[in-house]
Structures are given as C-alpha cells and as structure tokens.
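Written out below as structure tokens is the structure these notes cover.
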Amino acid sequence: MTGQPLLNVQGVETYYGNIRALAGIDVEVHRGEIVSLIGANGAGKSTLMMTICGSPQARAGSVIFDGQNITRLPTHEIARLRIAQSPEGRRIFPRMTVMENLQMGAGLDNLKYFKEDVEKVFAMFPRLKERQGQRGGTLSGGEQQMLSIGRALMARPKLLLLDEPSLGLAPLIVKGIFEAIKKLNKEEGLTVFLVEQNAFAALRLSDRAYVMVNGKVTMSGSGAELLANPEVRAAYLEGG
Ligand code: ATP
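Per this note's numbering, numbering of the sequence shown is gapless, rising by one per residue and ending at 241.
As structure tokens, then:
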C-alpha cells in the first residue's frame with residue numbers, strides 16, 4: 002500500500018467516565034479497501050466506530066481522515082466530510098417510510114443526486130424498492146439492515162462504516178448483504194470499515210483485518226492470513 006491512508010487512527014484512547022474503553026488504538030484504512038475489526042463482545046469495536054464519528058471523542062491520540070485531523074470535530078462536521086455510518090442496531094427511522102429514510106440519508110447536500118442515488122440503492126437492494134412506501138419499523142431485520150446501509154450510501158460516502166451488519170440475521174440474508182458490500186467495493190471503489198462479531202464472514206470479505214481484545218488491537222493481517230491463523234481460529238472461528 003502506498004500513499005496516505007484515507008483513515009488513520011493513531012494512539013486513540015476513549016473513556017466512558019473513568020473507564021478506558023480504548024487503550025491506544027492504531028488502525029489504517031486505505032482507499033478502496035475493505036477492512037474489518039473483529040473481536041468479542043465488549044472488546045471496544047463499537048466504541049472505535051463511534052470515536053471515528055466524534056461521539057465520544059478520543060481523549061488521547063488522533064483520527065486523521067483524508068489528510069484532515071477530525072479528532073475534535075463535532076459529529077455533524079465529520080459526517081459532512083463524507084464518513085457515513087450504518088450504526089449498531091441499524092437505527093432507521095421506524096415511523097418514516099423507506100423512501101423518507103433514504104431522503105434523510107441524502108441530506109440537503111445531495112438532494113440534486115437523489116433520483117440517481119435512489120435507483121442505485123434500489124438496484125442493490127430490490128426489496129427496498131418493493132417496500133418503498135412502507136414504514137421502516139414494519140420491515141424485517143434484514144430489510145432494516147439494507148435500509149440502514151442504503152441510507153448511509155445516500156450520503157455519497159468516501160468511507161462507509163458498518164457496525165455489525167450481520168447481527169441477528171439469518172445466514173442467507175447475511176450472505177446477500179455481504180455480497181452487496183463486496184459489489185459496492187469492487188464496482189464503485191467504495192472504502193469500507195466494518196465491525197463484526199461474525200469473524201468468518203468478515204474475514205472472507207476483507208482485504209485486511211484487525212483483532213481487538215479489551216480495548217487493544219492484538220493482531221492484524223490480511224483476511225486470508227487471519228482466517229488461517231491458529232489463534233484466531235481457536236478464539237473466533239471454531240465452535241462460534
Ligand atoms: P459489542 O459487540 O457488544 O457492541 P464492542 O466490542 O462493540 O461490543 P463496545 O460496545 O465498544 O464493545 O464496549 C467497550 C467497553 O465499553 C465495554 O466494556 C462496555 O461495557 C463499555 N461501554 C460501552 N458503552 C458504554 C457507555 N455508554 N458507558 C459506559 N461504558 C460503556
């Protein structure tokens with residue numbers, strides 16, 4: 002890999018009150034990569050995602066995005082730099098329709114591209130097209146996940162952050178969602194940073210990955226290397 006990473010997280014420490022959830026994290030994501038962060042429940046994966054988005058902010062270290070130090074920026078300014086997030090739990094607007102959710106994702110900045118971008122999202126997830134007038138809260142878990150990703154894409158992100166897209170979904174649905182992510186990456190060159198407890202699916206999808214334990218990165222490598230690594234296999238892949 003050459004050149005400046007698109008996202009460069011250096012020595013990041015994040016606290017909840019006096020409790021240190023991230024204890025000096027170094028992570029890089031380069032343009033065009035799919036990078037995943039795997040680790041057990043409570044390792045700090047979501048906290049890292051949220052820290053990149055500015056809430057909570059890092060107490061030490063830095064987050065550099067596209068050459069700019071965003072560590073102390075408020076979340077709405079970070080979003081305007083085109084970091085879009087599909088957060089843990091999806092957080093779609095349950096009383097709004099699918100179409101209205103997508104409008105919220107586009108925001109005012111991208112309304113001129115709305116028609117074109119909606120068609121792209123519908124091509125990726127035809128179920129959303131069928132359900133475009135339905136309220137978000139009435140969708141199945143898989144459809145809500147598609148909507149959460151679709152809404153993030155409407156922001157025309159340079160970096161897409163996905164927090165546990167497979168959570169609570171049947172294996173076949175997970176496969177479809179991961180295939181959609183791969184397609185976005187291959188065809189549109191979208192850069193993706195993914196948090197997952199489903200280590201097997203994440204590592205198969207990813208160019209590179211980091212393993213996180215108790216607020217620290219303990220291992221990193223290509224997806225294939227980590228899939229073959231005995232420690233990773235024992236901790237995250239076997240019997241899981
Ligand atoms: P999960 O897969 O369960 O979301 P995770 O790896 O994403 O796990 P985090 O949610 O980032 O882990 O949590 C990291 C640590 O920070 C955990 O010990 C958790 O209990 C703690 N934590 C998370 N959110 C808060 C909060 N709002 N207040 C206090 N402690 C928190």
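Cβ atoms here follow ideal geometry from the backbone N, Cα and C, with glycine treated the same way.
Note that the coordinates shown come from a computational prediction; the quantities given were computed from them, not determined experimentally.
Rounded C-alpha distance that separates K159 from E239
By 1-based counting over the sequence shown, the position of residue 159 is 158. By 1-based counting over the sequence shown, the position of residue 239 is 238. Roughly 35 angstroms between the two C-alpha positions.
Using 8 angstroms for Cβ pairs, my map puts V64 next to T72. What's the rounded Cβ distance?
Locating residue 64 in the sequence shown gives position 63, where the first residue counts as 1. Locating residue 72 in the sequence shown gives position 71, where the first residue counts as 1. 5 angstroms between Cβ atoms; contact.
Is it true that the CB of L8 sits closer than 7 angstroms to the CB of F94?
As a first step, residue 94 is located in the sequence shown; it is residue number 93 there, counting from the start. As a first step, residue 8 is located in the sequence shown; it is residue number 7 there, counting from the start. For F94 and L8, no; Cβs fall outside 7 angstroms.
With C-beta atoms as the reference, is I174 less than 7 angstroms away from G143?
Within the sequence shown, residue 174 is the residue found at index 173, counting from 1. Within the sequence shown, residue 143 is the residue found at index 142, counting from 1. Cβ atoms of I174 and G143: closer than 7 angstroms.
For the ligand ATP, which residues count as neighbours when the test is a C-beta closer than 6 angstroms to any heavy atom?
Y17, I20, A22, G40, N42, G43, A44, G45, K46, S47, T48, E89 and Q198
Could you have a look at T48 and say whether DSSP puts it in helix, strand or coil?
Taking the first residue of the sequence shown as position 1, residue 48 is located at position 47. Three-state result, T48: helix.
Taking the alpha-carbon positions, what's the V99 to E232 distance?
Your numbering for residue 99 matches position 98 in the sequence shown. Your numbering for residue 232 matches position 231 in the sequence shown. For V99 and E232, the distance between alpha carbons rounds to 42 angstroms.
Every unbroken beta strand (DSSP E) inside the segment 159 to 193 [3 residues or more]
160 to 164
For E252, does the three-state DSSP call read helix, strand or coil?
Absent from the structure is residue 252, since the part of the chain shown begins at 2 and ends at 241.
For R91, collect the residues of the same chain with a Cβ closer than 7 angstroms to its Cβ; drop the 5 residues on either side in sequence, then sort them by chain order.
For the purposes of this step, residue 91 is taken as the residue at position 90 of the sequence shown. So the qualifying residues of the chain are Q145, Q146 and S149.
With F123 and K130 assumed to form a contact (beta carbons below 8 angstroms), what rounded beta-carbon distance in angstroms separates them?
Numbered from 1 along the sequence shown, position 122 holds the residue referred to as residue 123. Numbered from 1 along the sequence shown, position 129 holds the residue referred to as residue 130. That pair is a contact at about 4 angstroms.
Closest to L185 by CA distance: which of M220, L154 and L204 is it?
Position 184 of the sequence shown, counted from the first residue, corresponds to residue 185. For the residues M220, L154 and L204, the minimum Cα distance to L185 belongs to L154.
Beta-carbon proximity of G62 to V13, cut-off 7 angstroms
Numbered from its first residue, the sequence shown carries residue 62 at position 61. Numbered from its first residue, the sequence shown carries residue 13 at position 12. Contact flag set, yes.
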